[in-house]
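J.: Residue numbers (my numbering): 12 to 615. For glycine and all other residues, C-beta sits at the position ideal for the given N, C-alpha and C.
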Amino acid sequence: MSSVLLTSQPSDSNESNLFNNQNPERQTSHQTEETTSKLEISTKDLISTDPLCSTEKLPLFPPPLEWKLAKYFPGGYSRTRQFPFKGQKMLWSVNLIAGVAIMFYGFDQGVMSGVNNSSDYQKKMAILTQPQTDRDAATIGGIVAVYYCGTLIGALIGGLLGDLIGRVKTIVFACLWATIGAALQTSAQNITWMCCARVITGIGTGQLNALVPIWTSELSHHSARGAAMGFEFMLNIAGLALAYWIEFALRSGNPALRWRLPLAIQIGFLVAILALVPFFPESPRWMAKMGYEDDARHILSVLRFKKGDSQEELKDRVEKELQGILETVQVERQQEQLGGPTYWSMLFHDDSKHLRRRTWLIIWLQILQELVGIGVVTVYAPTVFQQAGYSEYTSDLLSGINDLSYMLSVAVAIVTLDRMGRRVTLYWGAIVMGASLLLTGIAARFVTDTDLGSDVRQRWGAVVTTFTFVYTATFGATWLTVPWLVPTEIMPLYARAKGGCWSVVGWSIGNAVVTEIAPFLFNAITYWTFILFGLLNFFTLPNIYFLYPETAGRSLEDMDVLFESNSVFVHKKGADMITLPTAKFDEVFIDPSHEKSNTGSQKN
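And the structure:
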């Protein structure tokens, strides 16, 4: 049987080490340990079908040069500093701290709804007029929208830094940005101050949004990525709900405290992340890419540890996964030798890996996520409930309960994403949400019909309320997580961080557009707005069917094989590929190292 040799390159001790300011012990161990090893693997176990793999020996390419400024960034991976957790405990801990980061993002999104309604805030921003003028309404919307300019900038920064200095250091850097922004928001004295603070916070949040999903995806087992992402986004909606209920509790309190305290609470999330993230492992894929193969092996041995396994079983499992990573790293180093991807080239220049197509797919999926109407429903839920005949207090209470239902619905995604797959999840979500919005629009037409009696309108109001709850819960179970998960799965390693950036860019564009047009739509076509977005849900179905392959149960390295196809309809090739077995929730998310030995062969 023919074989392929992967040979790791010895590190140059004279070069600056990316981690030399954090872990001198680790640097010493690199100098004393044997740095050249030969790892022999069978060609049938290789994931890629690149022509390189058909030769007797895979050409070796050196790791990229380390950025000379990397040592000045705080945080970073340290083997001696890392938490002593193993296996499921480490994975739970990783997903918990990542969930806190995503929870901050949800809290930050939700907090401005209550802040904008504070009379003291409006007075401070010089936008308090009775009745409210169109200019002041536009100004309030502008303060909210400028945040998305920051997230767009932050995503571009995060994508670049994530490849240069690593995932962990970039997350720490992002938290520093967001902490400064949150402090400035809390102490804002005028509209200019507030807008600048919102942009700074957005820059930090954009970096977090670009890197945290990638970091957790690269640490998770391929059968548990969906469950991990679902758990994190359940905490994301928990942040949204927490912001709403804090502001609901403060509605009759001190006017200044009503908006400054919720903004200050953001800092608590960020301090927790700053304090804990440096104690977690770096992405083993990034470590291997940078030439730290021994550290990548150690991280995988920690993550894939399974109680009851012998050392030989653990070693075999780790080596098998590491070989797939190293083989992909070598192919991608060759790609970088020809010129690494830039943000511009990812959008407009294609290559053998079809990076351009992948980039536009993740941008478009995020825009589709906003076109299904979640921003319209969540922002205007209190207004919808009031139109349904409920008092202001009851409407606000129902909105809070709707947020809690939204949060709990994400638990469905934790269980189903890896079982049902990404495509089926998006299918049933779009169908149920589309039907719910159509029925909401029809019911809203009768709710606003003054010719009908109050009893009849209240009954139609109950229909509006019911399907608003159904829509929100369905979104939480389906479309909330998948558009953030797919980008981490379909991008090649050498462009994964930048791919996460473009995902946030797509989200920012979609969010900004829907946020800006929604008020005008409601004023112009009233209840037809719900019907319009209901129809847009059905518009997403052919997009998903023809353009997006199934990624559940496949390793991150499998995607390179799938996207070798020149056809944009990669779902056809995805159907031909043998999917790795998808485990049950209790086998994977609790104990993700269960992987079956028979991964099957793959067709070209």
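Straight-line CA distance for Thr405 to Gly264?
T.: Rounded to the nearest angstrom, the two C-alpha atoms are 19 Å apart.
J.: Given that a residue counts as buried once 16 or more other Cβ atoms are within 10 Å of its Cβ, and exposed if not, what is Gln20?
T.: Caution applies to Gln20, whose pLDDT of 38 falls short of 50 and renders its modelled position unreliable; the value that the coordinates give is listed next. When all chains shown are included, Gln20 counts as exposed.
J.: If you count every other CB in all the chains shown that lies within 10 Å of the CB of Gly279, and 16 or more means buried, which is it?
T.: Gly279 is exposed by the Cβ-count criterion.
J.: Whose C-beta lies closer than 6 Å to the C-beta of Gly545 among residues of the same chain, with five residues either side of it excluded?
T.: Cβ within range, chain order: Gly445, Leu448 and Leu449.
J.: Round the Cβ separation of Val467 and Gln398 to the nearest angstrom and send it over; I've been treating them as touching at under 8 Å.
T.: No, Val467 and Gln398 are not in contact; Cβ-Cβ is about 14 Å, not under 8 Å.
J.: In angstroms with no decimal places, state the Cα-to-Cα distance between Pro224 and Pro85.
T.: Computed Cα separation, rounded: 21 Å.
J.: I need the straight-line Cα distance from Gly335 to Val126, nearest angstrom please.
T.: C-alpha separation (whole angstroms): 49 Å.
J.: CB Gly110 to CB Thr162, shorter than 8 Å?
T.: No; because the gap between Cβ atoms is not below 8 Å, this pair is not in contact.
J.: Does the structure place the stretch 115–126 close enough to the stretch 250–266 that three or more beta carbon pairs sit under 8 Å?
T.: Verdict: yes, contact present.
J.: In chain order, which continuous runs of the alpha helix (DSSP H) of length 4 or greater are located wholly inside the stretch 83–109?
T.: The stretch 83–109 contains no whole alpha helix (DSSP H) run of 4 or more residues.
J.: Distance, Cα to Cα, Lys509 vs Leu358?
T.: Cα to Cα, Lys509 sits roughly 11 Å from Leu358.
J.: So, under 8 Å CB-CB, Arg456 and Tyr556 are touching, yes? Tell me the CB distance rounded to an integer number of Å.
T.: Not really, about 32 Å apart at Cβ, beyond 8 Å.
J.: Let me know the secondary structure DSSP gives Leu17 once reduced to three states.
T.: A caution first: Leu17 carries a pLDDT of 39, below 50, which makes its placement in the model too unreliable to give a value.
J.: Over what stretch of residues does the alpha helix (DSSP H) that includes Asn247 continue unbroken?
T.: Arg236 to Ala260 is the span of the alpha helix (DSSP H), which, as asked, contains Asn247.
J.: So is Gln218 buried or exposed if we call it buried at 16+ other beta carbons inside 10 Å?
T.: When all chains shown are included, Gln218 counts as buried.
J.: Answer with buried or exposed for Thr540, where buried requires no fewer than 16 other C-beta atoms within 10 angstroms of its C-beta.
T.: Burial call: buried.
J.: According to the neighbour-count rule (16 or more other Cβ atoms, all chains shown, within 10 Å of its Cβ), is Val579 buried or exposed?
T.: Exposed, since its Cβ has fewer than 16 Cβ neighbours within 10 Å.
J.: To the nearest angstrom, how far is the alpha carbon of Leu382 from that of Asp320?
T.: Straight-line Cα distance between these residues: approximately 47 Å.
J.: Could you check whether Ala221 and Ser514 sit closer than 8 Å to each other, using their CB atoms as the reference points?
T.: It is a contact, given that the beta carbons lie within the stated cut-off.
J.: Are the beta-carbon atoms of Thr479 and Asn413 separated by less than 8 Å?
T.: Yes, they are a contact pair.
J.: Kindly indicate which residue of Ala535, Thr551 and Met418 has the alpha-carbon position closest to the one of Phe242.
T.: Nearest option by C-alpha distance: Met418.
J.: Determine the closest residue to Ser652 out of Pro289, Arg369 and Leu102, with distance taken between C-alpha atoms.
T.: Nothing about residue 652 can be reported from this structure: the residues present for the chain run from 12 to 615 only.
J.: Mind checking Pro73: buried by the 16 CB within 10 Å criterion, or exposed?
T.: The residue in question, Pro73, is exposed, as its Cβ has fewer than 16 Cβ neighbours within 10 Å.
J.: How would you write the range of the alpha helix (DSSP H) that Thr370 sits in, first residue to last?
T.: Element bounds for Thr370: Leu366 to Leu382.
J.: Which same chain residues end up closer than 7 Å to Trp490 when comparing Cβ atoms and leaving out the 5 residues on each side of it in sequence?
T.: Cβ neighbours of Trp490 beyond the five flanking positions: Gln380, Val383, Leu437 and Gly440.
J.: Just to confirm, are Arg178 and Trp103 a CB contact at a threshold of 8 Å?
T.: No, these two residues do not count as a Cβ contact at 8 Å.
J.: So, with DSSP's three-state summary, where would you put Lys79?
T.: Lys79 falls in the coil class under three-state DSSP.
J.: Using the Cα positions of Gly564 and Glu338, report the straight-line distance between them to the nearest angstrom.
T.: The straight-line gap from Cα to Cα measures roughly 20 Å.
J.: Using DSSP with H/G/I as helix, E/B as strand and the rest coil, what is Asn201?
T.: Coil.
J.: Between Leu175 and the rest of its own chain, which residues show a CB-CB distance below 6 Å, the 5 nearest in sequence each way excluded?
T.: Only Trp78 meet the Cβ criterion.
J.: To the nearest angstrom, how far is the alpha carbon of Thr91 from that of Leu311?
T.: In a straight line, the C-alpha of Thr91 is about 16 Å away from that of Leu311.
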